[in-house]
Structure formats: structure tokens, C-alpha cells
Ligand code: AMP
């Protein structure tokens with residue numbers, strides 16, 4: 004099986020984390036000789052905020068629960084470090100939480116070139132805002148307040164939807180549009196089929 008580069012895009016609450024976990028398990032079972040590198044910027048921001056020692060850690064902690072987008076440079080440091088530690092051209096790569104702006108997409112482009120990964124699969128988990136609002140209320144994470152949910156939906160519309168447009172134009176890229184309202188199992192099956200696994 005050729006190594007896959009899969010970028011998950013969808014609003015918070017669209018099920019990206021759950022689907023990545025399912026895909027990781029499937030890839031590990033079907034292709035045990037190849038590593039699966041799974042990078043999540045949200046988790047890395049929360050780990051950074053939890054330290055509370057430096058100015059930057061305290062500043063991220065103070066803003067993270069409001070749902071605003073963190074600065075591009077910090078995002079690049081966090082995923083860049085993860086790639087430096089773990090990535091090579093042979094591993095499968097699953098990406099959750101970036102790029103969320105077109106600037107981030109340009110920097111990721113540079114990184115994927117460096118790691119010799121020209122082909123990109125984008126899984127677009129299309130999920131209406133009404134569904135996403137209800138799911139975020141139910142999961143009750145610390146940053147799932149009304150203000151934070153609305154902030155995150157706003158930057159998703161304004162900053163992240165243009166990233167999808169960018170990938171629809173990019174050569175050697177396939178954007179798979181998947182209906183995120185379906186059950187976890189059906190979404191998983193559609194992702195597996197879309198990636199030709
Ligand atoms: P998530 O766990 O993906 O929902 O991300 C949690 C929070 O981390 C977001 O609300 C943002 O504040 C921050 N974050 C995660 N990824 C990014 C990113 N690519 N760019 C900017 N901020 C991010």
C-alpha cells in the first residue's frame with residue numbers, strides 16, 4: 004500500500020477525531036510494516052496551555068477556551084516539531100486541526116514538499132452548523148461554551164472554507180466530500196472507500 008497523506012477538514016464537532024482514530028486502527032491492521040503518524044494541533048495547543056510556565060503558555064491558556072484561532076506561527080511550530088520528530092516519506096500521515104487558514108496551507112505545502120509527499124487526500128466532513136452546535140453542547144469540553152462555539156464556527160466559515168477552495172484547485176490533490184451527518188460507521192466506510200483502502 005502506498006503511503007497516504009490525509010488532511011481532515013470539517014468544523015469542530017464534525018467527527019474528525021473519531022474518524023482519524025478509526026482510520027489509524029484500520030491502517031495499522033492492514034499495513035503493519037508502515038508507521039501511522041497522526042498530528043493534531045488542538046491537542047498540542049491544550050498540552051502547551053496546561054504547562055502555564057512561560058508567557059506564551061499562559062497567553063495560550065488564557066485565550067484557548069474562547070475558541071479564537073491561535074496565531075499561525077505557533078501552529079506551525081507545533082505541527083512542525085511533530086513532523087521533525089516523527090515524519091518520513093514512508094509513513095502514513097493523518098492530519099487533524101490544520102491547515103485552518105490559507106497561510107497555514109501554504110506553509111504545509113512547503114513541509115509536504117520537504118517530506119517528499121506530493122499527493123494529498125483531503126477528507127471534507129461536511130456537517131451543517133445546526134448539527135455541530137448540538138454535538139458541541141453535548142460533549143461539554145472546557146471550550147464548548149456558547150461564545151467559543153460561535154467563534155469557532157465563524158473562523159471556520161471565514162478562514163477555513165477558503166482552504167477547501169485552495170485544495171480543490173491544487174494539482175495532485177483529491178478532495179473527498181463526505182456527509183458528516185451520517186453515523187460514525189457509515190462515514191468511516193465512505194472514507195475507506197474514498198481513499199481506496
Ligand atoms: P481543536 O481541538 O482542533 O478543536 O482545537 C482547539 C483549539 O486549538 C482551537 O479552538 C484553536 O484555538 C486552537 N487551534 C487548533 N488548531 C489550530 C490552527 N490550525 N490554527 C489556529 N488555532 C488552532
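Residue numbers (our numbering): 4 to 200.
All C-beta atoms, glycine included, are put in the ideal place defined by N, C-alpha and C.
Reference residue i; option with closest CA among the options
{"i": "residue 73", "options": "154, 135, 139 and 199", "result": "154"}
{"i": "residue 189", "options": "116, 98, 67 and 22", "result": "22"}
{"i": "residue 119", "options": "93, 181, 130 and 62", "result": "93"}
{"i": "residue 95", "options": "186, 191, 6 and 200", "result": "6"}
{"i": "residue 147", "options": "200, 70, 110 and 76", "result": "70"}
{"i": "residue 54", "options": "126, 64 and 16", "result": "64"}
{"i": "residue 130", "options": "185, 40, 44 and 165", "result": "185"}
{"i": "residue 48", "options": "163, 8, 66 and 39", "result": "66"}
{"i": "residue 121", "options": "33, 12, 173 and 76", "result": "173"}
{"i": "residue 132", "options": "62, 152 and 32", "result": "152"}
{"i": "residue 8", "options": "80, 181 and 175", "result": "175"}
Three-state class that DSSP yields for residue i in the structure shown
{"i": "residue 130", "result": "coil"}
{"i": "residue 101", "result": "coil"}
{"i": "residue 11", "result": "strand"}
{"i": "residue 30", "result": "helix"}
{"i": "residue 2", "result": "Nothing in the structure corresponds to residue 2, since the chain is present only between 4 and 200."}
{"i": "residue 107", "result": "helix"}
{"i": "residue 176", "result": "strand"}
{"i": "residue 182", "result": "strand"}
{"i": "residue 43", "result": "strand"}
{"i": "residue 96", "result": "strand"}
{"i": "residue 125", "result": "strand"}
{"i": "residue 118", "result": "coil"}
{"i": "residue 193", "result": "helix"}
{"i": "residue 61", "result": "helix"}
{"i": "residue 71", "result": "coil"}
Check: residue i C-beta below 7 Å from any heavy atom of the ligand AMP
{"i": "residue 97", "result": "no"}
{"i": "residue 135", "result": "no"}
{"i": "residue 67", "result": "yes"}
{"i": "residue 91", "result": "no"}
{"i": "residue 22", "result": "no"}
{"i": "residue 71", "result": "yes"}
{"i": "residue 155", "result": "yes"}
{"i": "residue 48", "result": "yes"}
{"i": "residue 142", "result": "no"}
{"i": "residue 13", "result": "no"}
{"i": "residue 180", "result": "no"}
{"i": "residue 130", "result": "no"}
{"i": "residue 41", "result": "no"}
{"i": "residue 101", "result": "yes"}
{"i": "residue 148", "result": "no"}
{"i": "residue 184", "result": "no"}
{"i": "residue 44", "result": "yes"}
8 Å contact criterion, which residue i and residue j should meet: CB distance rounded
{"i": "residue 194", "j": "residue 10", "result": "Contact flag wrong, Cβ pair sits at about 12 Å."}
{"i": "residue 86", "j": "residue 42", "result": "7 Å"}
{"i": "residue 75", "j": "residue 104", "result": "6 Å"}
{"i": "residue 159", "j": "residue 14", "result": "5 Å"}
{"i": "residue 27", "j": "residue 128", "result": "Not a contact, Cβ separation roughly 16 Å."}
Residue-level contact to chain D via CB, residue i, 8 Å cutoff
{"i": "residue 40", "result": "Absent here is chain D; the protein component of the structure consists of one chain."}
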